[in-house]
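Q: One structure is given below, represented as C-alpha cells, and several questions about it will come after.
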Amino acid sequence: MGKHITKTHLGYTGSCYGPSPAVRKAMENSLDMANSYPHEGYMELKKAIAAYSNVKPENIMVTNGCDEAIALITYKFGQKVLIQAPTYSEFERIARGIGSDMRIKEQSIASSPFRINFSPDDLGWASLTWICTPNNPTGDVIAKSQILDIASRTSGIVAVDEAYYEYCKETVADSIEEHRNLIVTRTFSKAFATEGVRLGYIISNPETIRMLENSTHEYNVNRVARAAGIAVFKSMDYYGAEMERLRSIKSDFEDTCKNLGLRLKVHALPFTLLMFDSEMERDLCYGAFLKHGVVTLKNTHEEFTSFSDPCIRVAIGNRMQMEKAMLALKSMRNYANLPIGALAGKGRRFRKVPQIQNLK
C-alpha cells in the first residue's frame, strides 16, 4: 500500500494566519443571536468600512463576499461587458450566465508595464467595464491615471475590483464623486482572513449604492459576517503584523525559486507566479509539486479569463507549507535530461548545474 501524503493546498489565495482573536471573539458572541434576523441593519459596519476607506457611509454597500458584488453589478449594468484579461474568471462567468454581450481584451503577462488596451470603439460600446487591480493573476497594479482616463471616456459603468487593495494601498475610491460611473469592489477574504464567512463591500456614489441595494434582499449579510467585519477594523495591528510575516515567507520562497533558475513575476500580492516557456515545462513543475503533496494552480480557463501563458500560481502559506513547496521545487534537479527551458535557460536542456545540485 502506497504512502499517504497529506495535501498542502496552495492554489487559492485566502490567508494562512486566520482571523484575529478579536474577530474570533466577535463571531462567537454573535451566535447568541443566531435565532434572530440581523434586523438592526448594517450601519455600524458601513461606518467602520467608510472610515477605513475615507468615504461616507452612504458610499458603502455590504455584500455576501465580493462575488455577490460582482454579480449585482453585472445584473444591473452588464448588457455589454468589456473585460481586461487575463483576470479573475467571475466577471466572465456571471456575464455569460445572464447572456451579456462581451468583449475580452487579452494581454500577455510578459508585457511590462501592464497596460489596458481598450479602443475608443470598445469604450463607446460597453455598458460595463471590468478592471482588476492589483491584477489577479499577474499581480500588476494598474495606474490610477489609466483607470480615470477610461472612466472619463465611457458613458458606461467602470467597475474596479480591488480585492487585493491591502497589499498595494492604491485605489480609485477617492474619485467616486468626480467620476460618478466608478464602482469599487473589495473583500474581507484576502488580508483580513475571513473568507469562510463571505463578506465584501462596494464603494460608489450614493445613487448607485441605493440602486444596487434595491437589487438584493434585505438580509444579504449574516450576523456572524457583520460582527467579524466590525471587529476587523479594531485589529489592524494584528493584520499588519501577519501580512509582514507573510511577506518574509514569500521572500524566502522566491529566493529559492530564483536560485533554481525559475522565472517569476515580481509583485506584492500573497502569491508567486511561476512562468514557463511551454505547457510541458509547466506540467513538469506542477507534477513535482503534486508528488510532494502540494496543490498549486495552473493557468486554466476555469480559474482565469484568457490566461494563455504557461504559468503556475503558488499561494503563500505558512512557513511549514512553504518549506514543503520548496522541497518539491528542489526535487526537480532529478529531472536531469528533460528540456526545461524556463529552468535552465531557453533552448537548453536542464543539466545538473552546480547551484541546483548543491541545494540542501
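Under this note's numbering, the first residue of the sequence shown carries the number 9, and numbering increases by one thereafter.
All C-beta atoms in this analysis are idealised placements derived from N, C-alpha and C, irrespective of residue type, glycine included.
Is it buried or exposed for S23, if we count other Cβ within 10 angstroms and need 16 for buried?
A: In the sequence shown, residue 23 corresponds to position 15, counting from 1. Buried, by the Cβ-count rule.
Q: What residue from I81, D157, C140 has the CA that sits closest to V149's CA?
A: Here residue 149 refers to the residue found at position 141 of the sequence shown. Of I81, D157, C140, the residue nearest in Cα terms is C140.
Q: What are the partner residues of Q92, as DSSP defines its beta bridges?
A: Stepping through the sequence shown from its first residue, residue 92 is reached at position 84. For Q92, which the question treats as bridged, DSSP gives the partners K113.
Q: Between which residues of its own chain and C176 is the CB-CB distance below 7 Å, once the five residues before and five after are set aside?
A: Along the sequence shown, read from residue 1 onward, the residue named residue 176 stands at position 168. For C176, where only same-chain residues beyond five positions count, the Cβ hits under 7 Å are P142, V149, A276.
Q: Tell me where the beta strand (DSSP E) around D169 begins and ends.
A: Sequence index remark: in the sequence shown, residue 169 carries index 161 (1-based). In this chain, the beta strand (DSSP E) harbouring D169 covers 165-169.
Q: Tell whether a beta-carbon distance below 8 Å holds between L207 and A233.
A: Taking the sequence shown and counting its residues from 1, the one referred to as residue 207 is at position 199. Taking the sequence shown and counting its residues from 1, the one referred to as residue 233 is at position 225. Taking 8 Å as the Cβ cut-off, L207 and A233 qualify as a contacting pair.
Q: If you count every other CB in all the chains shown that lies within 10 Å of the CB of T193, and 16 or more means buried, which is it?
A: Here residue 193 corresponds to residue number 185 of the sequence shown, with the count starting at 1. Flag for T193 reads buried.
Q: State yes or no: is the C-beta of I320 within less than 8 Å of the C-beta of R290?
A: Indexing the sequence shown from 1 puts residue 320 at position 312. Indexing the sequence shown from 1 puts residue 290 at position 282. Yes; because the gap between Cβ atoms is below 8 Å, this pair is in contact.
Q: How far does the alpha helix (DSSP H) with F122 in it reach, from first residue to last?
A: Looking up residue 122 in the sequence shown gives position 114. Segment: none, F122 is in no alpha helix (DSSP H) and carries neither H nor E.
Q: DSSP three-state call for H47: helix, strand or coil?
A: Here residue 47 is taken as the residue at index 39 of the sequence shown, counted from 1. The answer is coil: DSSP assigns H47 none of H, G, I, E or B.
Q: Please check if any C-beta of chain C sits within less than 8 Å of the C-beta of E331.
A: Of the protein chains in this structure there is only one, and it is not chain C.
Q: Could you check if E186 is buried or exposed, using at least 16 other CB atoms within 10 Å of its CB as the buried criterion?
A: The residue labelled residue 186 in the question sits at position 178 within the sequence shown. Exposed, because fewer than 16 other Cβ atoms sit within 10 Å of the Cβ of E186.
Q: Report, in whole angstroms, the separation of the C-beta atoms of E98 and M110, which I expect to be a contact under 8 Å.
A: Numbered from 1 along the sequence shown, position 90 holds the residue referred to as residue 98. Numbered from 1 along the sequence shown, position 102 holds the residue referred to as residue 110. That belief does not hold up - the Cβ atoms of E98 and M110 are roughly 13 Å apart, past 8 Å.
Q: Which residue wins for smallest C-alpha separation from T224, given the options Y20, N72, P94, L18?
A: Position 216 of the sequence shown, counting from 1, holds the residue named residue 224. For T224, the nearest C-alpha among the options comes from N72.
Q: Is A344 helix, strand or coil when you go by DSSP?
A: Taking the sequence shown and counting its residues from 1, the one referred to as residue 344 is at position 336. Note that A344 scores 41 on pLDDT, short of 50, meaning its location in the model is unreliable; the coordinates nonetheless yield the value given after this. Assignment of A344 by DSSP, reduced to helix, strand and coil, places it in the coil class.
Q: Alpha carbons only, please: which of G49, N37, L190, K88 is nearest the one belonging to I102?
A: Indexing the sequence shown from 1 puts residue 102 at position 94. Selected option, being the one with the closest Cα: K88.
Q: If you count every other CB in all the chains shown that lies within 10 Å of the CB of Y45, and 16 or more means buried, which is it?
A: Counted from its first residue, the sequence shown places residue 45 at position 37. With fewer than 16 Cβ atoms within 10 Å of its Cβ, Y45 is classed as exposed.
Q: Based on DSSP bridge pairs, tell me the residues matched to C176.
A: Locating residue 176 in the sequence shown gives position 168, counting from the first residue. The partner list for C176 (beta bridge, DSSP) is empty, contrary to what the question assumes.
Q: State whether the segment 247-261 contacts the segment 120-132, with contact taken as three or more CB pairs (one from each stretch) at a distance under 8 Å.
A: Note that the segment 247-261 does not touch the segment 120-132; fewer than 3 beta-carbon pairs, one per stretch, sit closer than 8 Å.
Q: Could you give the residue range of the beta strand (DSSP E) that holds I191?
A: The residue given as residue 191 occupies position 183 in the sequence shown. 190-195 is the span of the beta strand (DSSP E), which, as asked, contains I191.
Q: For I68, which residues from the same chain have a beta carbon less than 8 Å from its beta carbon, with the 5 sequence-adjacent residues on both sides left out?
A: Along the sequence shown, read from residue 1 onward, the residue named residue 68 stands at position 60. Excluding sequence neighbours, I68 sits near K54, I57, A58, S61, Y209, I210, I211, I217.
Q: Can you tell which of P318, M330, Q329, L335 has the C-alpha that lies nearest to the C-alpha of P370?
A: The question about residue 370 has no answer here: the residues shown for the chain are numbered 9 through 368.
Q: To the nearest angstrom, report how far apart N228 and Y25 are at their CA atoms.
A: Mapped onto the sequence shown, residue 228 falls at position 220. Mapped onto the sequence shown, residue 25 falls at position 17. So the alpha carbons of these two residues sit roughly 27 Å apart.
Q: How would you call G49, buried or exposed, if buried means at least 16 neighbouring beta carbons within 10 angstroms?
A: Your numbering for residue 49 matches position 41 in the sequence shown. Exposed: under 16 other Cβ atoms inside 10 Å.
Q: Specify the secondary structure class of F312 as computed by DSSP and reduced to three states.
A: For the purposes of this step, residue 312 is identified with residue 304 of the sequence shown, where counting begins at 1. Strand, per DSSP.
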